[in-house]
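Accompanying notes for the structure given below.
Here it is as structure tokens:
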């Protein structure tokens, strides 16, 4: 059973300011991951996500002020590596969708000319 605390004990409630994005798993919100997942509902999002490969990740100057410069650089590096991974997944999905659409168009055009 869960032990109950008395009214005199202070209970630390979760901070709502720590909420980063739509994921509650404590990981930062990643745009490329979001676009990849929702690309299954709207495939053009995969093509938008490919642009992340071309755009450098530059955090705002007041981002993570409680961390040292080295910690922020390491965090940016990890986030960028993860963003690139998800953007590459989107690139693969966009390529597959493009190939399928091209195959369907070629098949339909070939069927009309026969």
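In the working numbering, the protein residues as written are 145 to 258. In this text, a Cβ means the ideal position worked out from N, Cα and C, and glycines have one as well.
| Check | Outcome |
| --- | --- |
| Buried/exposed call for residue 173, threshold 16 Cβ in 10 Å | exposed |
| Touch test, the segment 237-251 against the segment 196-213, Cβ-Cβ under 8 Å, three pairs minimum | no |
| CA nearest to the CA of residue 205, picked from 191, 246, 220 | 220 |
| The alpha helix (DSSP H) enclosing residue 250, as first and last residue numbers | 213-257 |
| Inter-residue CB distance, residue 176 and residue 234 (contact presumed, cutoff 8 Å) | 6 Å |
| Alpha-carbon spacing of residue 245 relative to residue 181, whole angstroms | 20 Å |
| Cβ separation of residue 201 and residue 223, assumed to be a contact under 8 Å, to the nearest whole Å | 7 Å |
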